[in-house]
Each structure stands twice: as C-alpha cells, then as structure tokens.
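When you line the sequence shown up against my numbering, it's residues 139 to 558, in that order. The beta-carbon is built from N, C-alpha and C at its ideal position, and this holds for glycine as well. Note that this is a predicted model, so its numbers are computed, not measured.
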Amino acid sequence: MPGTILVGSQWGDEGKGKATDLLADKMDVVVRYQGGNNAGHTVIVGGRTFKLHLVPSGILYPHVTPVIGNGMVVDPGTLLAELAALDAQGIATGKLLISANAHLIMPWHKELDKLTERWLGHQRIGTTGRGIGPTYADKAARLGIRVQDLLDPGILAKKVEAVLRERNPLLAKVYNRLPLDAEAIVEEYATYAEALRPRIADTSLYVWNALREGKQVLFEGAQATLLDVDHGTYPFVTSSSPTAGGALAGAGVGPGWVDRVMGIAKAYVTRVGAGPFPTEATDEEAEVLRAAGDEFGTTTGRPRRCGWLDTVGLRYAARVNGLTELFVTKLDVLSRLERIPVAVAWRIDGEVTEDCSGVTRLEDLPRAARTYVDAIEKLGGVPVTAVGVGPGREQTVVPPAGSASAGAPPARATTISGEG
Ligand code: IMP
139 MPGTILVGSQ WGDEGKGKAT DLLADKMDVV VRYQGGNNAG HTVIVGGRTF
189 KLHLVPSGIL YPHVTPVIGN GMVVDPGTLL AELAALDAQG IATGKLLISA
239 NAHLIMPWHK ELDKLTERWL GHQRIGTTGR GIGPTYADKA ARLGIRVQDL
289 LDPGILAKKV EAVLRERNPL LAKVYNRLPL DAEAIVEEYA TYAEALRPRI
339 ADTSLYVWNA LREGKQVLFE GAQATLLDVD HGTYPFVTSS SPTAGGALAG
389 AGVGPGWVDR VMGIAKAYVT RVGAGPFPTE ATDEEAEVLR AAGDEFGTTT
439 GRPRRCGWLD TVGLRYAARV NGLTELFVTK LDVLSRLERI PVAVAWRIDG
489 EVTEDCSGVT RLEDLPRAAR TYVDAIEKLG GVPVTAVGVG PGREQTVVPP
539 AGSASAGAPP ARATTISGEG
C-alpha cells in the first residue's frame, strides 16, 4: 500500500524533519495533516539549513507535491513569507497545494492565545503564541474561517464581522484591549487571497487520486503523540491530533491506504512548555544534553527541557499509533556521556508501575511483567496461556497466533536496560 504515516512518539522535536526528508526521496506526495506554524522542522541538506514551519518538508524535493491538509491551521501571512524565503533559497514552491477546508489563523486567534496564557498565570500551557488553540477552538465551535472563504470577499467580510461582534466585546471587557477592525482585517486577508488562490484545492480528492494511481504518499505529522489533544498529557498539549488517527482525518483519506506507521523517537527526550515530564534530567544533566543536542525551539527559540529515554512512553506511543517501526534520532548526542539512564517503569505514589492494561500479546508485555510471568510458568511447571491485565474481556494477554507451544518464549524485541 502506498501510504506511510510519520509521527512523533514523544513531545515533539524528535527530528521529524530529517526523517521526512529522508523518506521524501521515495515519495510523490507529502501531506501535513495537523498543526500550523507552532511547528518547526529543521532540515539540513548539503550543508544548507532550512527551517520550515507550515510547509511540508517534502518541498525540498522537486519531484514531490507538498500538501497542506484540511487538518492544518494556516496563518496566511506566515505561509507567504515562508514561501518567499524558500524561493529566495532557490527552492521551487510552485507545486504546493492548500486544502480549501483548512482553517485560517486570524488576528484575534493570535491575540487571544497570548492573552489567555497571561490570564492563566502560573497555570499556563506555555504555548507557542501562534494562535493555534483558539483557531482549533473556533473550528470545533463552528466559528472558524476557512481557506476557501478567501475565495469570496463577500463571504469573508460577513464571517469576519460576525465573529468580531462576539470577540471585540470579549477583548475589550474581559481583557481590556482595543477592538479589532473588521474592514482592515478583510483588506489584509484579501491580499493573501490573491497570492494563494492558485494553490487552493480539494486536497483530499487529490491525495485519493494519487493513492489510487499507486503513488507514494507520506503523511507528515507535526508535534507528537504526547502533545495530542486526546492522547497526550492534557491539558499540556497542543489542540490537534498528531497521532496516526489524526493523519486520516487531517488529510481526508481512509485507513486502508496506509500500511506503514513510522514513529520518530529521539535517543533522549525533550519537551518545550509546561507539563509533566517523568524522566526530566537534573539541571546540570539537562544543560549537557541541551548544549550537545542544540535543544532550543525552532519556532520560539526557547530552551527545551531535557531528560532521558522513557520506554514506558514509547510503548504507549507504539500502542496509540499502531507503530510498525521506529526511527531513532540523535544517538550521537549521547556518545559523550558516560552514564545514560533509561526509564523502564514509572514510580507512581511510591509504587513501581508498568502499565500493561492495554497489552494483548505476551511479547508486548513490559520486561518486568514478562519476567514475572516467566517465573510463574517456571515455578508452577505449567505453561501460562493467558494473563489478565484488567477487568475487560479484551484485557487478556494471549500467546501469538500460530505459536506451537503456548509456553514457548515468543520472539522478543531487544530490550534496553537502565534505571528509571
Ligand atoms: P500550541 O501548539 O502553540 O498551542 O502549544 C501547546 C504546547 O505544545 C506547548 O507546550 C508547546 O510548547 C507545544 N508545542 C507546540 N508545537 C510544538 C513543536 O513543534 N515542538 C514541540 N512542542 C510544541
């Protein structure tokens, strides 16, 4: 099957840009399916550095058609600036398509993103301030303005006026800000409309046709699993679905077209912004990792929080995305270190916990759990053919289908040992 999903398996910044760039060589179409210019993908080609925020990394290959999918949120001014910068670097951008159904980041979204963060004080998320959350909120509330609205100035004006009738009192009365001028905004966005018009398309249909013709399509995720609005460390998440399921909705294709789901994992872990981070390193250790790995945000320049590989998180990412393979990045950064801790379990309220409640195959059990089952089998002198891992019928671990003996050790992935 011609579809490959590429997804971050940690908190972003795993090096997806590099992985996409490597894969894109064999791709015909590269679709970004969620997020906006909160992302920052750094790609280094032949000593030249490209920093991409909205444009899919596939743009660096002339044979690839890059697509901004319907699940993305687009700041049109930023997009045009990014395209101009690529043009200036000699990269042909003419093939880029933009979904008519993608949502537009409007001035009030950017303003409200920053105001809400300020209002939250020490409880803030630490967003990139690009208006991502408020744009997705309006999409869900059916108050969004879409790329296709740029094509009709009358509709655009009506929608902007309608939204501002509600937003301006909010800006003025709650946040003590000046109201926004609908006419000026419509005028500004009309200039973007002219520049973007030839690229606006039914990209779901385009991608479907490409898949039917057997063309290779890469679905390029931004952010990552643990920042997913459903499956991440809510509320310290972004507002879209970077996980594999989000790729289908965000590009408008069915699951039958995809047979590869590649997770990208850095050999250690970083996180930008607030929120839990079980394997966060001490200040001195983080300093070393940050300097060696150049761990500063591509979008905001913020120093990234740094920590150690968390295999509990990795197993979770493998599960919720249905990963078929893993691409490990930045192993070289660890080569200068004498001691490299790896988390194999989490300690919750003093108890070492390995969450195995979602496991259904013996070979997928965490190492300690598998060792325990092995010990029961050995000491009991009888093969264990099923293990309960929760009250539900489906929470039962069974040997792999077709295994000759229920007690035979299943093929095991190599495990990394270390300390939690
Ligand atoms: P937002 O996406 O700007 O709303 O930010 C929400 C959270 O996601 C914050 O913790 C951001 O630091 C984080 N975030 C958003 N985009 C990225 C990214 O591309 N890499 C890493 N973290 C990100």
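Would you list the one or two residues that DSSP bridges to residue i?
| i | result |
| --- | --- |
| Glu299 | Answer is none; Glu299 lacks a bridge partner. |
| Phe357 | Ile143 and Val169 |
| Ser195 | Looking at the DSSP assignment, Ser195 forms no beta bridge with any residue, so it has no partner. |
| His241 | Val211 and Arg284 |
| Ala481 | Asp448 |
| Pro204 | Val168 |
| Ile270 | In the DSSP output, where bridge partners are listed per residue, Ile270 has none listed. |
| Ala430 | Ala430 is not bridged to any residue. |
| Lys404 | Thr467 |
| Glu489 | Ile486 |
| Lys572 | As shown, the chain starts at 139 and ends at 558. That puts residue 572 outside it, with no answer to give. |
| Arg398 | Thr142 |
| Ile338 | Ile236 |
| Glu418 | Gly445 |
| Arg409 | Arg443 |
Can you give me the start and stop residues for the alpha helix (DSSP H) that residue i sits inside?
| i | result |
| --- | --- |
| Ser342 | Thr341 to Arg350 |
| Arg440 | Where Arg440 is concerned, there is no enclosing alpha helix (DSSP H), given that its DSSP letter is neither H nor E. |
| Glu152 | Where Glu152 is concerned, there is no enclosing alpha helix (DSSP H), given that its DSSP letter is neither H nor E. |
| Gly435 | Premise fails: Gly435 is in no alpha helix (DSSP H) and is neither H nor E. |
| Ala279 | That residue, Ala279, is in no alpha helix (DSSP H); it is neither H nor E in DSSP. |
| Gly383 | Ala382 to Ala389 |
For the putative contact between residue i and residue j, defined by C-beta atoms under 8 Å, what is the C-beta separation to the nearest angstrom?
| i | j | result |
| --- | --- | --- |
| Thr437 | Arg398 | With a Cβ gap of about 28 Å, Thr437 and Arg398 do not count as contacting. |
| Gly451 | Ile143 | The pair is not a contact, with the Cβ atoms about 19 Å apart (cut-off 8 Å). |
| Asp448 | Ala481 | 4 Å |
| Pro204 | Leu234 | 5 Å |
| Val183 | Leu190 | Val183 to Leu190, Cβ: 12 Å. No contact. |
| Trp395 | Leu349 | 5 Å |
| Val324 | Trp149 | Not a contact, Cβ separation roughly 38 Å. |
| Leu198 | Asn175 | Contact doesn't hold; Cβ gap of about 18 Å is too wide. |
| Val535 | Thr498 | 6 Å |
| Asp166 | Arg442 | Not quite, the Cβ-Cβ distance comes to about 34 Å (not below 8 Å), so this is no contact. |
| Lys353 | Pro140 | 6 Å |
| Ile293 | Arg268 | The Cβ separation is near 25 Å, so there is no contact. |
| Gly414 | Thr376 | One point to set straight first is that residue 414 is Pro, not Gly, in the sequence displayed. Between Thr376 and Pro414 the Cβ distance is about 15 Å, and since that is not below 8 Å, they are no contact. |
| Gly196 | Thr158 | 7 Å |
| Val145 | Pro380 | 6 Å |
| Tyr171 | Gly460 | The Cβ separation is near 16 Å, so there is no contact. |
| Pro416 | Trp346 | With a Cβ gap of about 41 Å, Pro416 and Trp346 do not count as contacting. |
| Ile405 | Leu472 | The displayed chain sequence assigns Ala, not Ile, to residue 405. Rounded, the Cβ-Cβ distance is 5 Å, consistent with contact. |
| Gly207 | Val168 | That belief does not hold up - the Cβ atoms of Gly207 and Val168 are roughly 10 Å apart, past 8 Å. |
| Thr265 | Gly259 | Contact doesn't hold; Cβ gap of about 14 Å is too wide. |
| Lys468 | Gly228 | Not quite, the Cβ-Cβ distance comes to about 28 Å (not below 8 Å), so this is no contact. |
| Val525 | Val511 | 6 Å |
Going by DSSP, what residue range makes up the beta strand (DSSP E) through residue i?
| i | result |
| --- | --- |
| Arg443 | Arg443 to Gly445 |
| Ile182 | His179 to Val183 |
Check whether the Cβ of residue i lies closer than 6 Å to any heavy atom of ligand 3, and answer yes or no.
| i | result |
| --- | --- |
| Thr273 | Among the ligands present in this structure, namely ligand 1, ligand 3 is not found. |
Does residue i come within less than 7 Å of chain B when only Cβ atoms are used?
| i | result |
| --- | --- |
| Gly146 | The question asks about chain B, but that chain is absent: this structure has only one protein chain. |
_For the pair the segment 338–356 and the segment 383–391, tell me if three or more CB-CB distances fall below 8 Å._
yes
*May I ask you to verify whether the segment 239–256 touches the segment 285–294, counting CB pairs closer than 8 Å and requiring at least 3?*
yes
*asked:* Taking contact to mean 3 or more Cβ pairs, one atom from each stretch, closer than 8 Å, check whether the segment 462–473 and the segment 399–418 are in contact.
replied: yes
_Count Cβ pairs between the segment 214–231 and the segment 244–252 that sit closer than 8 Å; are there 3 or more?_
no
*Does the count of Cβ pairs from the segment 361–376 and the segment 425–439 closer than 8 Å reach three?*
no
_Is it the case that the segment 314–334 contacts the segment 287–306, given that we only count it when at least three CB pairs across the two stretches are under 8 Å?_
yes
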